[in-house]
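Chains as they are written, first to last, in the numbering used here: chain A, 1 to 444; chain B, 1001 to 1969.
All C-beta atoms, glycine included, are put in the ideal place defined by N, C-alpha and C.
Please read all numbers here as calculations on a predicted model, not as lab measurements.
Single-structure report; data block below.
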Amino acid sequence: MAELKYDKTGRLIFTKEMKSEYTILIPMMAPIHFNIIKNVFIHYGYKCVLLDTDGPEIAQTGLKYVHNDTCYPALLVIGQFIHALQSGKYDVNKTALMITQTGGGCRASNYIHLLRKALKKAGLEQVPVISLNLSGLEKNEGFSITLPMIRRIVAGLVYGDVLMLLDNQVKPYEANKGDSAALVQKWTDILTKQFAKGDGYRRKEISKKLDEIACDFSKVKVNKVPKIKVGVVGEIYVKYARLGNNDLEKFLYDMGCEVCLPGIMGFALFKVDNRLEDIKLYGGSKIKYKVVKILMDYLEEMEGYMVESTAKYGFLPPSRYKHTKELVKDVIGYGSKMGEGWLLTAEMLELAETGYENIVCTQPFGCLPNHINGKGMIRKIKSINEKANIVAIDYDPGAPRVNQENRIKLMLAVAKEELEKSTGKKAAGPVLKAKPKEKATAGK
Amino acid sequence: MRLGLDVGSTTVKCVVLDDDNKIIYSVYERHLSKITQKISEILEKVKLAVPGVENALFAISGSAGMGIAQSCGIDFIQEVYATRVSANTFLPGTDVIIELGGEDAKILFLEGGMEVRMNGTCAGGTGAFIDQMATLLNVPLEELNGLAAQYEKTYTIASRCGVFAKTDIQPLLNQGARKSDIAESIFCAVVNQTVAGLAQGREITGNVVYLGGPLTFMSRLRARFDMVLNTKGTCPENSLYYVACGAALCADKAIDFDGLIEQIKVYRGSGNFAFNPPLFADKKEYDNFIERHNKADVKRGDLKSYTKKTYIGMDAGSTTVKAVVLGEDKELLHSCYLGNSGNPVPIIKSFLESLYEINPNINIASAAVTGYGEDIIKNAFNVDYGIVETVAHFTAARYFMPDVQFVIDIGGQDIKCFKVHNGAIDNIFLNEACSSGCGSFLQTFANALGYSIEEFSKLGLFAKHPVDLGSRCTVFMNSSVKQAQKDGATIEDISAGLSLSVVKNALYKVIRASGPDELGRRVVVQGGTFLNDAVLRAFEQEMKVDVVRPSISGLMGAYGAALYAMDRSEKKGVEKSSIISQQGLKSFVHEISVTNCGLCQNNCRLTVNKFADGRKFIGGNRCERPITKKKPSQSLNIYEYKLKLLSEYKPVNGYRGKIGLPMGLNIYELLPFWHKFFTTLGFEVVHSPYSSREIYALGQQTIPSDTVCFPAKLIHGHVQWLINNGVSTIFYPCLSYNVDEGLGDNHYNCPVVAYYPEVIKNNMKDVKKITFINDYLGIHRKKDFYKKAYEMLCKYFNGISLKEVKKAAEAAYEEYDSYFKKVRAKGEEIIEIAEKENRHIIVLAGRPYHVDPEINHGIDKLIAGFGCAIISEDVVSCRVEKFETTVLNQWTYHSRMYAAAKYVGTRKDMDLVQLVSFGCGVDAITTDEVREILEKAGKIYTQIKIDEITNLGAVKIRLRSLLAAIGRE
């Protein structure tokens, strides 16, 4: 059995022995992406389990072990971890946890510390926590991110984004229910096998595979009726995680909408670009700038493949990062980088521009950056694009789902009216019926 | 014919329209949460009243109607949309609709880009809120409006949440403020909430229409809206039925009417809800439980025949007044437990009268009073001692369990609990942000469901499936309860579920315990709410420990006060209490008047109480000035000093013109920096004055996020002030990073401080008329700063050279350092004097902008009033080397707090009190860390949450308890 080792600051380290003995738990966020990326870790010899648990106990567990005013994603992720550890399903002496750490100025950088605090409170101090980051924070001898791994993870993001995009554009219209989901599964399997063989992450392969995927999706039989198009933006966890947003994607789908979630690649580009912007705004090392720029270029190249392949087969491609960034130029400064920063504002503009004028802006209750970039910019966005129909939804353990859905329905009611106006016919969706008669008087 | 049904959170409305869209039938009834029953009743009625209605086109709307509509296959119309359809039909030309409902508040902008705003997660400022407030004032809802019409002046009541409003109103009541003034103030609060929370920067102008229950029934509320919006809105005929009409107008399907009535009758919802194990498995378990608790009793005696010395204890609480008389052997001779309808004075008066009546020869040796009404009662009746509630409860608890480790008291609206360490109160938890764990919450629910609180709580004892309602705010709980009802939970399940919620809220929201062991195994529970067996049982289940509930659970504060009076008088050898005599009571008169102090910037609203013998008692003051009319002689208060220092940065005429700085958030600390920077460059630097309600009101309409912290909201007003005062260039830069003081792992500003200028730029329309400079600057990189600042300045001004900017930057950094040197020198001076005079030193730790009197509400003065010296975190943060913290130490302001906490741990004569802005997400992290650092050093952690609130009651309790615990009271 692996020995517990600590570093100078007293942090429990994930050791080499642990790599072979321990199971690493990973919290679920975006299902398509995370399933692919999980397999990258497995390929590199880590035993991984993606936690896809849900239910009210998770938030309850979170409330019990984390400061109640902490952001909802922290509450959920930590709640999910501890809930899993306490479930008896895992040997708590042979389990480790993995969590991302960005190092930005928002509270999210503290999740890992809150997690350790919570573990201590729960009497699970022996469970090591691995920080997944690209900033060189918190090293572990049994865990390292190598360049080939990064390339595979990036490839995972690329595939994930494209699969998500295609699924979202095909599923609402498919003639045979389930076709699109089956394709997502099929490609996840294929990609996993490829990764296991060490293939599928080189530039050429990616480009080729993306073509094949898009081609495959283009063959699904669809029935194109006008539908309400809804974009979802927000704090990254509640934007993607079903646990965080009460399965918003499904709700919208059930309401008869086509949903668009801007991809994770945009966020990755944004985070890398922030380092460049920092240097531009405040000064800094030219060498660092060059190194970061290489990564930036690499990611933008990947983005290019995504755009090309999806456009080639008649889908609406993701917007290019450069373009999205340009949209927000006179709205908010590029220095606004904490959390989702200016990207969140930009994504709303981009969605409105590409036909997804109806937008759900998701945020954990009291999310600090979103006071600025979400709620704080909605007015401005409307003045730029008056078609924008935005509803801001707060998520927290006390916010009842009914209220959230009611507010979304209101947004959809307006959306539907607009859609009917533009198409001249009734749109699908259970939202509303009939138009009122002409002017009349009320009175007994 | 069309029929529309509007199922709201508290009422059901139904209309039938004829083919000309005229209302031929309408009904409006409260449903008391028995929704399905009410709907079927109403439909039966309609059927009788309107012949042929069976064939009407039918649709449902309303926040509680969705589930029913879905399960019965009826079209559901989103209620705001329905309102809009109605308005378009009946009131074409309407620009804005303001609609208040039971739990929701909405503003619809119809013209110029249709927009809809609904209240999100907060129900402050809705019908439910007004209901709660009426209950608090103890007046029927219908009378509130009439009462308000007689108002003379208004008070500031926090408008965000019912809980905050309560904490504002309660002390006003206790200090004897007039109910009519409070009623009007409540309406003001509702209006402010709606405008600030929902307008989100969009102006409310044009034809304004008022809809919904509260606005229909309460003319004062409409008048207040008119006043604030500077408009004359109309409340149309049938204003209650707009949603129902909208549903009717949208209806395009007839239904099987009788079938529907049947369907609704049997509608049970999904039948799935999360639940907990039952409170009691069976009657036997319950009997054992009762028997066990009956053991915790006190000796009794007879007051009438008692001749020895007696001791009186009184507890003037927020919703009840409790009083006891003890004999020499601590036997309980007499007690009373009465509802407090706002003013405890007449209640205590009649209590004392009854004592003299029962036993005219009563020998009162000593008396003490505690609770919210402590000050006024002590003064009104010449009571010997006043003690802080926590000490009273601790004294009583120790009587029942000498080795008690944890005491929890759940009263009407407050939870008070504390740990005991080495025989002293160690760690106090009070509910400040939330009252969902309290008795009044259960009461409100019981009443809403048509039960008395006693009946209601009994229902839950043997519930099979207590609903799992979690631990959250009253308002959310309302919706959760409704959801559970829809899902088929019985009233018994809900009753038990609510009892569990009270407990969970107390444990996980207020105390934030992760498990019972953390709180100790020796627990005494008290307060009126624990008289409720269901709550008590739920608490034992959740804590997994048997606790002691004294039989006098509801009287513990008073009992403790009496014990304290006994102890004090014995120690002092006093035989006779100073309390008012029977004779004195006969001529007792109590008059109340209200005035503003005006002696300093806080401008406290004072309640002046006059008594028959000419004595005066002033309530609502923060410091002694209104009483002594003198300025405190020597100020050992760094907060005052900082204000003075900052006000020395006056405008100096400059050839380059005026540049304005909004005095808020980080500008509070960077004023010296920017002032010097721009003055050196030849600008005349003006800044807005310190905050005030007036300044806040200036920008209130432009705040886009109602949940952002109060200091951020204030900025809007400051910017507006500058614009109103003719400043045409405002400088308010974005600063991701703060200066690195070498105390942390990074040196960020929090996201709100860093980027709030972006919000100002994009949400305040007047900003477009001026030059608003909000560029990103890096003051953390001294060697690059002047170059970047130069680039920035060139964008806006001509003829500034790099050399000039470099010089100005150097001067600015120097000024910044010198400002800190001055503050620290003053801090050292204060510490030295305090050491000499043996005064306790409080490190009042917050952010730089907590110096703003409108933000700190004069808490510094309050502490000074207790004889303590006050310094700020930045005075001592520099005395510590960087050290490892459990959390990521990445914000400059917060690094100072950690360092200050560390330093305080090394000094016997210092304690730290942390100021936390409500809604500050960063503080969810820092408070835990500061606590950890302090507790490791054996110190008591004290946190004060501040918001718009002006009530200092809870603050006093905390500070006095802290001082009592360290033996300084």
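Neighbourhood of residue i by C-beta distance below 7 Å, restricted to the same chain and skipping five residues each side
i	result
L12(A)	L4, Y6, P128
L276(A)	Y289, V292, K293, M296
T1089(B)	N1021, L1249
R1222(B)	Y1210, L1215, G1233, C1235
I236(A)	F267, E340
V1739(B)	H1747, I1779, H1780, T1892
I42(A)	C48
Chain-order list of residues whose beta-carbon lies under 8 Å from that of residue i (same chain, five-residue window excluded)
i	result
V1904(B)	V1843, V1876, M1910, D1911, L1912, L1934, A1937, K1939
T1320(B)	Y1337, L1338, G1339, N1340, G1411, G1412, G1528, G1554
G429(A)	Its pLDDT being 46, under 50, G429(A) is placed unreliably in this model, and the value from its coordinates should be taken loosely. For G429(A), where only same-chain residues beyond five positions count, the Cβ hits under 8 Å are K227, I228, M255, G256, C257, L412, K416.
K435(A)	For K435(A), the predicted structure reports a pLDDT of 32, less than 50, and the residue's modelled location is therefore unreliable. A value from the coordinates is still provided. Taken in chain order, the list of residues that qualify is empty.
M1118(B)	V1080, D1104, A1105, K1106, L1198
K1616(B)	V1608, N1609, K1610
Chain-order list of residues whose beta-carbon lies under 6 Å from that of residue i (same chain, five-residue window excluded)
i	result
R1879(B)	Y1903
K1419(B)	F1406, D1426, N1427
A388(A)	A352, E357, I381, K382
L261(A)	V232
For residue j and residue i, believed in contact at Cβ under 8 Å, the rounded distance
i	j	result
T1126(B)	D1095(B)	No, T1126(B) and D1095(B) are not in contact; Cβ-Cβ is about 22 Å, not under 8 Å.
G1619(B)	N1603(B)	Not a contact, Cβ separation roughly 15 Å.
L419(A)	P148(A)	L419(A) to P148(A), Cβ: 47 Å. No contact.
S1551(B)	A1296(B)	6 Å
L248(A)	T354(A)	Wrong, their Cβ atoms sit about 19 Å apart, outside the cutoff.
M1638(B)	S1917(B)	Before going on, a small fix: residue 1638(B) reads as Ile here, not Met. With a Cβ gap of about 19 Å, I1638(B) and S1917(B) do not count as contacting.
M1764(B)	Q1720(B)	7 Å
C-alpha distance - residue i paired with residue j, whole-angstrom precision
i	j	result
I1659(B)	W1891(B)	29 Å
E161(A)	T310(A)	Rather than Glu, the amino acid found at residue 161(A) in this sequence is Asp. Roughly 11 Å separates the two Cα atoms.
S1635(B)	I1182(B)	35 Å
C367(A)	K117(A)	21 Å
N373(A)	R1521(B)	47 Å
R401(A)	K1045(B)	33 Å
Q1701(B)	E1203(B)	7 Å
G333(A)	D199(A)	40 Å
As assigned by DSSP and simplified to three states, the class of residue i
i	result
M1910(B)	strand
N406(A)	helix
N1382(B)	coil
T1011(B)	strand
S1872(B)	strand
H83(A)	helix
G1488(B)	coil
N1266(B)	Looking at the sequence provided, one finds Val at residue 1266(B) rather than Asn. Correct three-state label for V1266(B): helix.
E1542(B)	helix
Y1893(B)	helix
E1143(B)	helix
Near the ligand GDP: residue i beta-carbon under 7 Å from a heavy atom
i	result
N406(A)	Questions concerning the ligand GDP fall outside what the structure shown contains, since it holds no ligand whatsoever.
Please list the segments of the alpha helix (DSSP H) lying wholly inside the segment 284-338 of chain A, counting only runs of 4 or more residues, in order along the chain. As far as the segment 284-338 of chain A is concerned, its whole alpha helix (DSSP H) runs of at least 4 residues are 286-312, 321-327.
Note down, one range per segment and in chain order, each beta strand (DSSP E) of at least 3 residues found wholly within the segment 1784-1845 of chain B. List check, beta strand (DSSP E) in window: 1841-1845.
Scan the segment 242-279 of chain A and note each continuous beta strand (DSSP E) run of 3 residues or more that stays entirely inside, going in chain order. Inside the segment 242-279 of chain A, DSSP marks whole beta strand (DSSP E) runs of 3 or more residues at positions 257-260, from first to last along the chain.
What ranges does the beta strand (DSSP E) occupy inside the segment 116-160 of chain A, keeping only unbroken runs of at least 3 residues that lie completely in it? Whole beta strand (DSSP E) segments, 3+ residues: 129-132.
Going residue by residue through the segment 178-206 of chain A, where are the continuous alpha helix (DSSP H) segments of at least 4 residues, counting only ones entirely within it? List check, alpha helix (DSSP H) in window: 179-197.
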